[in-house]
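**Q**
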Amino acid sequence: MSPRQKRLSLILLGLALLASAVALVLSAFRDNLVFFVTPSEIAQGKAQAGRYFRVGGLVEAGSIQRGPDGITVTFRITDTAHALPVVYRGALPDLFGENQGAVAEGVLRPDGVFEAKKVLAKHDETYMPPEASHAVDQAQRAAQSLKE
Amino acid sequence: MRWKYVVPLVVFLGLVVLFAVGFRLNPREIPSPLIGKPAPHFTLPRFVEPSATVTPAVWAGQPYLLNVWATWCVSCRQEHPMLMRLKQEGVRIIGFNYKEIRGDAGLDARKLSPEAEAQLAWQRIGAWLKTGGDPYADLVVDLTGRAAIDYGVYGTPETFFIDAKGVIRYKHIGPITPEVWQDQLRAKWLALQEGS
Amino acid sequence: MLAEWGQVLLAQAIAVAALQVFFGLAGAQRGRVAWMVTARRAALAQGAVLATAFAVLIALFLRSDFSVALVAQNSSTLTPWFYQVTAAWGNHEGSMLMWAVALAGWSAAVAWRSQALTEAMRARVVGVLGLVSFGFLLFLTLTSNPFSRLVPAPEQGRDLNPLLQDPGMIIHPPLLYMGYVGTAVTFAFAIAALLSGRMDAAWSRWARPWALTAWLFLTLGIMVGSWWAYYELGWGGWWFWDPVENASFIPWLVMTAFIHSIIVTEKRGAFRAWTVLLAIAAFSLSLLGTFLVRSGVITSVHAFASDPSRGLFILGLLAVTVGVSLALFAWRAPMLAGGGAFGWFSREATLLVNNVLMSAAALAVLLGTVYPLLMDALGLGKLSVGEPYFVAVFVPLMTPAVFFMAISPFLRWKQDDWRRLSKRLVLDFVVTASAALALLAAADHVTLRAWLGLWLTLWVTWGSARLLWERLQNRAEGQSISERLSRIPGSWWGMWLAHLGVGVFIMGATLLGAFEARLDVKMAPGQVAELASYRFRFQGVEEKPGPNYTAMRGTIVVTTADGKPVAVLHPEKRNYHFSAMPMTEAAIDTTWRRDIYVSLGDPVNENEWVVMLFYKPMVLFLWLGPLLMAVGGAVAALDRRYRRQRAHLAVPAGAVGVRV
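Chains as they are written, first to last, in my numbering: chain X, 577 to 724; chain U, 116 to 311; chain S, 1365 to 2024.
The following block contains the structure:
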């Protein structure tokens, strides 16, 4: 091979590597996007059971209950318009509580209960998880437009 | 082969144009759907006179801040001295106590009768105002939180900026700290006053 | 008064930075030695001024001067004194001042300690650094002044965020900022090369130690951040792929590519334009990282939109930096073309593979980090990119990179003969791959990921051992071992240690992932739980006051299955007085083989608690690996050849011997 051909084949090798890397990235990307839905959207049947996604809103007052094992927790997440029952096994974040914003990540069971794999709460007193406030805002907006 | 060195610059400029156009197409979301709308109507008991009820109409004529709070809310405690300071500076603050008993995770309101709930709430609010001072020109109590729903309240503290005509101009989420007041809110308050 | 002095010092620093820019760039362009010397002195002066300003800020914190807004918001009289000091950088304004101080420190170091450079090159580097500093100081004073007063002053401050009241947080930000800012030095070298059109082997040798130092600080900063998250967040994870972590990891990947690409530039004169581009990218991504972490877009795009001044300023700074640099690149880089040709099977080819993979990984992580923010900002919906994405992308990209990492040092420059190495490489591959499989089978845990990790560990460590062995063989007869060892240059040792560190890290991550165990359990006093052949006896929880918090302190006695004592652990649940924030404080018993990690969940009733028990094998290696990489970086940066090289002795690129 002449130096020129060598150079060309190296460039081609680099491009081939790059192309396969891009293909890898894009396919992994498509499979792992976690979409965010609000409790109202779930109530309207917009979320597919079995798919992994995030739900945000407020933890409904009086809804937190611990199972007999002490580890399983059930509660309801609400965006003030609709509430979604959630079950979670494990320790809850420090600032998880009633009337506080929270985001649950997991799958919707066919029976309509959301099985959370992860629960996020706010980091400090003033901060509300952005997705939780988004859910409540959406519900408020919907309520507003219904009235008008 | 000189052109290939221009590629990074072209890609970068392309991104800049894309973002600039993108941001222009989608103006920033309005933080609350209530802004620019008249403050929602409610009928709630006054703290000083539980038997009488008021509606937002009684405060019209002058701009005011509607401050949503509760004694169980830690950030409200933090915010309270600042409210006292604002009162001294002549800011008219209307208090809106939110789910005083039902919102408190430490209490089980279901065990209480409505009368006992109201009594406990008034007791707690009274104690709070006695120790921390009373920054409110008027104070209403929303035990059930039903009125708050119309305001899109999802946490405490929240403060609505309402102009002389009774229109919501701004909503601040979280405590009013001296810094936030200085940097953002004071200007908004002054604008309300000029408008009246 | 002190706070006003701080203001004055900041203003002075801006003025000095302007002088530094003008005399540095104009002096080098016109060849005026006196101007260039002035620029250097300005850099030293700026370092002194900003260091004083930072000292003033710390003094304000130690005095608990709550008339300064920053102090009132981040400290209190009850805060222990060392956290009062660290509170100075545990917030936006203070950390930005620290960024500026670090930059001034780097500039002063270049001005003071780089006699090897030509005066013009040094002046240009110092000038470009002055420009960065100027922009940043403007940002500091216009949008984030740490010395702003608060009227009236409160009687008590709000205390430092409890998450930050921790030894890891004392050292993490300074290390990370040294790394971030260090990329500015590499960037300045690259811009100076574009301005002067000079980018030969000597340039590479000047820039290399600075790049290595920046890289090692980034490595350490990321490692300490990961360590902090591990023990402080209370659930035992060590890497979350969250935007704040990614913000530091992306520049690290690019810098890793850079320190490899610059080797080819030095030895063979190739990849020159690419090296420059990497330097620009590394600094731009550091700025982007600063923007992501500091503008608040991560916590909430809407919060950012309601007060965008800070974010927009950094974004503007970023756009100007990238735009101008790339324009300069488009204009000047064509003269950097050329360099030696090389074949398929050569050291250059493996380093090219490294660069492609590192850049691809950096882009992939960047995509996953920025995409959700962009979608949200453009109102196209809310979504997040889960950890599985990063794992799915990162493992396949890094596996070939690590594979070639272990081969590359054996290869010759320009063109090597596949037959020379083929038999050995195939044999090594078969031996390490089957050894990994056998070990996993013995432990009864055969999964693809565990096998891949263990095989790479063996592949790298075996390769390192062989490399050292061959290096020692390769010497003239009659030399003693110590003589032979001492003849090996620092840059070689640095490479060897850093590559070994990669192997050690992979081992830690693999074995931890494969064999860790976790148990969340409700426990009453006296109750016993078992995990990974350890017994955990819960003794109950009692109240214990701290300086600025009250803790619920649990006691858990850990023994082996047959009752031998292992440790008594005290996990805590703290409530900080001023912020009223609850905080979980895990308790950890560490040996080189495993961590036992215990943290308190929520109380179920008066004496029962949810307790989280973890068995975490080989955690120490997760920190040891990056530590070895950083030591390697330091050893390579201190290589005597880089310091001795006088400018007039510089040899043109390509003329240097083939051996490292």
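For every residue, glycine included, the Cβ atom is placed at its ideal position computed from N, Cα and C.
Could you check how far apart the C-beta atoms of residue 174 of chain U and residue 209 of chain U are, in whole angstroms? I think they sit under 8 Å.
**A** About 6 Å separates the two Cβ atoms, so the contact holds.
**Q** Can you tell me whether residue 701 of chain X is helix, strand or coil according to DSSP?
**A** In this prediction, residue 701 of chain X scores a pLDDT of 42, lower than 50, which makes its location untrustworthy; the coordinate-derived value is nonetheless stated afterwards. Correct three-state label for residue 701 of chain X: coil.
**Q** Would you mind sorting residue 1711 of chain S into buried or exposed? The rule is 16 or more other CB atoms within 10 Å of its CB.
**A** Label assigned to residue 1711 of chain S: buried.
**Q** In terms of residues, what are the limits of the beta strand (DSSP E) holding residue 1939 of chain S?
**A** Residue 1939 of chain S -> beta strand (DSSP E) spans 1936–1940.
**Q** Smallest Cα separation from residue 1854 of chain S: which of S:1999, S:1782, S:1959, S:1407?
**A** When each option's Cα is compared against that of residue 1854 of chain S, the closest is S:1999.
**Q** Taking a cut of 7 Å between CB atoms, which residues from the stretch 1680–1697 of chain S lie near chain U?
**A** Answer set for the stretch 1680–1697 of chain S: 1683, 1686, 1687, 1690, 1691, 1693, 1694, 1697.
**Q** State yes or no: is the C-beta of residue 1619 of chain S within less than 8 Å of the C-beta of residue 1575 of chain S?
**A** Cβ distance < 8 Å, so residue 1619 of chain S and residue 1575 of chain S count as in contact.
**Q** Say whether the stretch 1539–1552 of chain S touches the stretch 1673–1681 of chain S, bearing in mind that this needs 3 or more beta-carbon pairs closer than 8 Å, one atom from each stretch.
**A** With a cut-off of 8 Å, the stretch 1673–1681 of chain S and the stretch 1539–1552 of chain S do not count as touching, because too few Cβ pairs lie within range.
**Q** List the residues of chain U whose Cβ lies closer than 7 Å to the Cβ of residue 1637 of chain S, in chain order.
**A** Correct list: 120.
**Q** Please go through the same chain and pick out, in chain order, the residues whose beta-carbon is closer than 6 Å to the beta-carbon of residue 1450 of chain S, but skip the five residues on each side of it.
**A** For residue 1450 of chain S, where only same-chain residues beyond five positions count, the Cβ hits under 6 Å are 1534.
**Q** In chain order, which continuous runs of the alpha helix (DSSP H) of length 4 or greater are located wholly inside the stretch 1541–1615 of chain S?
**A** As far as the stretch 1541–1615 of chain S is concerned, its whole alpha helix (DSSP H) runs of at least 4 residues are 1565–1596.
**Q** Cα-Cα, which of S:1657, S:1484, S:1472 is closest to residue 1608 of chain S?
**A** It is S:1657 whose Cα lies nearest to the Cα of residue 1608 of chain S.
**Q** Please classify residue 164 of chain U as buried or exposed, where buried requires at least 16 other C-beta atoms within 10 Å of its C-beta.
**A** Flag for residue 164 of chain U reads exposed.
**Q** Whose C-beta lies closer than 7 Å to the C-beta of residue 239 of chain U among residues of the same chain, with five residues either side of it excluded?
**A** Hits under 7 Å: 186, 215.
**Q** Using a C-beta to C-beta distance shorter than 8 Å, which residues of chain S count as neighbours of residue 647 of chain X?
**A** Per Cβ cutoff of 8 Å: 1884, 1885, 1886, 1974.
**Q** Does the Cβ of residue 1446 of chain S have 16 or more other Cβ atoms within 10 Å, making it buried, or fewer, making it exposed?
**A** Answer is exposed; the Cβ neighbour count stays below 16.
**Q** Pairs of beta-carbons, one from the stretch 1965–1977 of chain S and one from the stretch 1829–1840 of chain S, closer than 8 Å: are there three or more?
**A** The stretch 1965–1977 of chain S, when compared against the stretch 1829–1840 of chain S, does not touch it at the 8 Å Cβ threshold.
**Q** Is it buried or exposed for residue 1744 of chain S, if we count other Cβ within 10 angstroms and need 16 for buried?
**A** Exposed.
**Q** Whole-angstrom Cβ separation of residue 653 of chain X and residue 662 of chain X, contact assumed at under 8 Å?
**A** About 6 Å; that satisfies the 8 Å criterion.
**Q** So for residue 1980 of chain S, helix, strand or coil by DSSP?
**A** In this structure, residue 1980 of chain S counts as strand in the three-state DSSP scheme.
**Q** Using a cut-off of 7 Å between C-beta atoms, extract the partners of residue 217 of chain U located in chain X.
**A** Within 7 Å Cβ-Cβ: 637.
**Q** By a C-beta neighbour count over all protein chains shown, 10 Å radius and 16 as the cutoff for buried, is residue 1894 of chain S buried or exposed?
**A** Per the 10 Å Cβ criterion, exposed.
**Q** Using a beta-carbon distance below 8 Å, is residue 1490 of chain S in contact with chain U?
**A** Not one chain U Cβ lies under 8 Å of residue 1490 of chain S.
**Q** Check the DSSP bridge columns for residue 1947 of chain S and list the partner residues they point to.
**A** Answer is S:1938.
**Q** Find the residues of chain X that neighbour residue 1948 of chain S, judging by a C-beta separation of less than 7 Å, and give them in chain order.
**A** Chain X residues near residue 1948 of chain S: 670.
**Q** Would you kindly work out how many angstroms separate the C-alpha atoms of residue 1512 of chain S and residue 608 of chain X, rounded to a whole number?
**A** C-alpha separation (whole angstroms): 45 Å.
**Q** Which residues of chain S have a Cβ atom closer than 8 Å to the Cβ of residue 685 of chain X, listed in chain order?
**A** Under the 8 Å cutoff, chain S gives no residues; its nearest Cβ is about 19 Å from residue 685 of chain X.
**Q** Output the distance between the C-alpha atoms of residue 2006 of chain S and residue 1569 of chain S, rounded to the nearest integer angstrom.
**A** Taking the straight line from one Cα to the other gives about 6 Å.
**Q** Would you mind sorting residue 1823 of chain S into buried or exposed? The rule is 16 or more other CB atoms within 10 Å of its CB.
**A** Buried, by the Cβ-count rule.
**Q** On the DSSP bridge assignment, give the partners of residue 1923 of chain S in chain order.
**A** According to DSSP, residue 1923 of chain S bridges with S:1899, S:1929.
**Q** Is the separation between the beta-carbon of residue 635 of chain X and that of residue 688 of chain X shorter than 8 Å?
**A** No, the Cβ-Cβ distance between residue 635 of chain X and residue 688 of chain X is not below 8 Å.
**Q** Does any residue of chain U have a CB that is nearer than 8 Å to the CB of residue 614 of chain X?
**A** Chain U contact via Cβ: absent.
**Q** Under DSSP, the beta strand (DSSP E) around residue 284 of chain U begins and ends at which residues?
**A** Residues 283–288.
**Q** If you draw a straight line from the C-alpha of residue 641 of chain X to the C-alpha of residue 665 of chain X, how long is it?
**A** So the two alpha carbons sit approximately 12 Å from each other.
**Q** Along chain S, in chain order, which residues have C-beta atoms closer than 8 Å to that of residue 124 of chain U?
**A** Going along chain S in sequence order, the residues near residue 124 of chain U (Cβ under 8 Å) are 1687, 1690, 1691, 1693, 1694.
**Q** Can you find at least 3 beta carbon pairs, one from the stretch 1717–1730 of chain S and one from the stretch 1748–1761 of chain S, that sit closer than 8 Å?
**A** Contact holds: three or more Cβ-Cβ distances are below 8 Å.
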